[in-house]
Amino acid sequence: MAKAKKATALTLEERLEQALVPKAEQPYPVPENWCWTRIKCVADIVTGGTPSKNNPKFYGGNFPFFKPTDLDAGRHMYNASEYLSEEGKYEVRRIPANSTAVCCIGTIGKCGYFDVEGTTNQQINSAIPKINTLYFYYFCNTNDFIYQLLAKASATTISIVNKSKMENCIFPLAPFPEQQRIVNRIESLFAKLDEAKEKAQAALDSFETRKAAILHKAFTGKLTAKWREENGVGMESWSKDELSTLCKSLKYGTAKKSKKQGPVVVIRMGNLQQGEIDWTNLAYSDDEEDIKKYWLSYGDVLFNRTNSPELVGKTAIYRGEYPAIYAGYLIKLEYGERLIGEFLNYTMNSSYAKEYCSAVKTDGVNQSNINAKKIGAFIISVPSIPEQIEIVRILNDFFAKEQKAKELCSVLDKIDLIKKSILTRAFRGELGTNDLTEESALELLKSIV
Numbered sequence: 406m407a408k409a410k411k412a413t414a415l416t417l418e419e420r421l422e423q424a425l426v427p428k429a430e431q432p433y434p435v436p437e438n439w440c441w442t443r444i445k446c447v448a449d450i451v452t453g454g455t456p457s458k459n460n461p462k463f464y465g466g467n468f469p470f471f472k473p474t475d476l477d478a479g480r481h482m483y484n485a486s487e488y489l490s491e492e493g494k495y496e497v498r499r500i501p502a503n504s505t506a507v508c509c510i511g512t513i514g515k516c517g518y519f520d521v522e523g524t525t526n527q528q529i530n531s532a533i534p535k536i537n538t539l540y541f542y543y544f545c546n547t548n549d550f551i552y553q554l555l556a557k558a559s560a561t562t563i564s565i566v567n568k569s570k571m572e573n574c575i576f577p578l579a580p581f582p583e584q585q586r587i588v589n590r591i592e593s594l595f596a597k598l599d600e601a602k603e604k605a606q607a608a609l610d611s612f613e614t615r616k617a618a619i620l621h622k623a624f625t626g627k628l629t630a631k632w633r634e635e636n637g638v639g640m641e642s643w644s645k646d647e648l649s650t651l652c653k654s655l656k657y658g659t660a661k662k663s664k665k666q667g668p669v670v671v672i673r674m675g676n677l678q679q680g681e682i683d684w685t686n687l688a689y690s691d692d693e694e695d696i697k698k699y700w701l702s703y704g705d706v707l708f709n710r711t712n713s714p715e716l717v718g719k720t721a722i723y724r725g726e727y728p729a730i731y732a733g734y735l736i737k738l739e740y741g742e743r744l745i746g747e748f749l750n751y752t753m754n755s756s757y758a759k760e761y762c763s764a765v766k767t768d769g770v771n772q773s774n775i776n777a778k779k780i781g782a783f784i785i786s787v788p789s790i791p792e793q794i795e796i797v798r799i800l801n802d803f804f805a806k807e808q809k810a811k812e813l814c815s816v817l818d819k820i821d822l823i824k825k826s827i828l829t830r831a832f833r834g835e836l837g838t839n840d841l842t843e844e845s846a847l848e849l850l851k852s853i854v
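All the letters of the sequence shown, read from the start, carry residue numbers 406 to 854 under our numbering.
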């Protein structure tokens, strides 16, 4: 029987032709000394595996065995959730430091950078680059790469991108010196953003600390000590009473199903945010009986009786922005003449009130409940109406100033978007680092295909 004819080795020109992405498939233009190729041409892709769990000798050593949750470390991946023994590490493909791990089952596109040698389970494809390792890693964090993976993912219950599909993702290859310049620019910009994020987070943490402190002073009389002195009033003017004795009623809201449209808003538990009503994601009612029965007036205080264990007990004040009634998971605290609404609202949002709610709540499956009887037993320190007005004035002034500082912390939500924008520009050659006089990336590609 004749031997099969040995495949003829491809010439460099043929290999280069296969490596280059046709112009029609290129997603966007890049500088003229760059080129489009495929992942398999610039990196070796390795799918992870798991040593047999039936052999405990494979586990419990010092060799990192990375899983998808470990990729949350991002740029510096060295702590693993599990470790293999010396014997176990020879059962798997070892991935060298400076490689990139990409989750390809489940959370498609999550990336981590190996700071140390390690291995991964089968949910991760690891790329061992033939080019600048960080240039490769940062490209894997772009939306463009993630969109490619998602487009190639199998349409099953759990999304999967296998090794060959990842290998065929297209890749913008810059000249080798430009790759390092891009990495330097990305890391310089990211460092500034991370510094801004740390400062914003510190400001936010400081705000929460100051908020707790001033509310504590407000409800122990310390905040208005000077006011009492100026008005010839002592702490004996304060009394302690149960909420039920200070309120005319503690009234549950409507149990009827709300609608997408209607003349009156139905305030639900999700609309109670930071002591105020959030007028987004609204529901409505046109039920005349309910509107009459559960109508809200300016200054009414709403207490959330059923929610998650962390959120049950949150309270907000209604300021009459829109005609509204309230839903069944809320209780209207219909306070009497010894309280003003804003003072009650601040009281119910204090750490003291939250501690009380945490202590008396009844826990169920994924939610907790505080009924009217339990919240009615909450003991409140009550100053005179004039002193309540002064406390509210001071707190309103404090929170108005603090809110301006807190708004700066919105940068926290924007940092990741800014980083994604930087990465998008980086791999289009738009960071101002490219030198068109440098040797084309084609020469680099020739050396590695």
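Glycine is no exception: its CB is placed at the ideal position from the N, C-alpha and C atoms. Computed from a predicted structure; not experimentally measured.
Since residue i is in the alpha helix (DSSP H), which residue starts that stretch and which ends it?
i    : result
P582 : F581 to A623
E694 : E693 to K698
Y727 : Taken as a continuous stretch (DSSP letters only), Y727 belongs to no alpha helix (DSSP H), as it is neither H nor E.
A558 : Neither: A558 is in no alpha helix (DSSP H) and is coded neither H nor E.
V423 : Reading the sequence as shown, one finds Gln at residue 423 and not Val. Its alpha helix (DSSP H) spans residues L417 to A424.
S569 : K568 to E572
K631 : A630 to E635
G746 : G746 to M753
What does residue i pair with, by DSSP beta-bridge criteria?
i    : result
C516 : V507
N709 : L735
D449 : I533
C652 : Y740
Y657 : I736
A688 : V671
Q808 : Answer is none; Q808 lacks a bridge partner.
S826 : None, per the DSSP bridge assignment.
D768 : S773
I682 : L677
V717 : Looking at the DSSP assignment, V717 forms no beta bridge with any residue, so it has no partner.
V787 : S644
Under the three-state reduction of DSSP, which class applies to residue i: helix, strand or coil?
i    : result
P577 : strand
W441 : strand
S644 : strand
K664 : strand
Q527 : coil
A407 : In this prediction, A407 has a pLDDT of 48, which is less than 50 and means its spatial position is unreliable; what the coordinates show is noted afterwards. Looking at A407 - three-state DSSP - the assignment turns out to be coil, as it is neither helix nor strand.
N548 : helix
L677 : strand
D818 : helix
I799 : helix
I563 : coil
E843 : coil
Taking residue i as part of the beta strand (DSSP E), name the residues at either end of that continuous run.
i    : result
Y464 : Y464 to F471
V671 : V669 to I672
L850 : It is not in any beta strand (DSSP E) - L850 instead sits in the alpha helix (DSSP H) that spans A846 to I853.
A782 : First-last for A782: undefined, no H or E at that position.
I500 : Element bounds for I500: n/a, residue is neither H nor E.
Y488 : E487 to L489
A721 : T720 to I722
Please classify residue i: is it buried, with 16 or more other beta-carbons within 10 angstroms of its beta-carbon, or exposed?
i    : result
A758 : buried
K664 : exposed
D705 : buried
E437 : exposed
R586 : buried
Y433 : exposed
A414 : exposed
P501 : exposed
K411 : Caution applies to K411, whose pLDDT of 49 falls short of 50 and renders its modelled position unreliable; the value that the coordinates give is listed next. The residue is exposed, with fewer than 16 neighbouring Cβ atoms inside 10 Å.
Q528 : buried
K631 : exposed
A729 : buried
T505 : buried
R710 : buried
For my contact list, residue i and residue j are in at a C-beta cut-off of 8 Å; report their separation, rounded to the angstrom.
i    : j    : result
V588 : Y540 : 5 Å
I619 : L555 : With a Cβ gap of about 47 Å, I619 and L555 do not count as contacting.
G493 : Y464 : 6 Å
L651 : Y740 : 6 Å
G733 : A660 : 4 Å
G718 : C762 : 3 Å
C446 : L849 : 10 Å between Cβ atoms; not a contact.
G667 : Y689 : 3 Å
I827 : A623 : Not a contact, Cβ separation roughly 44 Å.
Compare the C-beta of residue i with all C-beta atoms of chain C and state if any pair is closer than 8 Å.
i    : result
A601 : Considering every chain present, this structure includes no chain C. It has just one protein chain.
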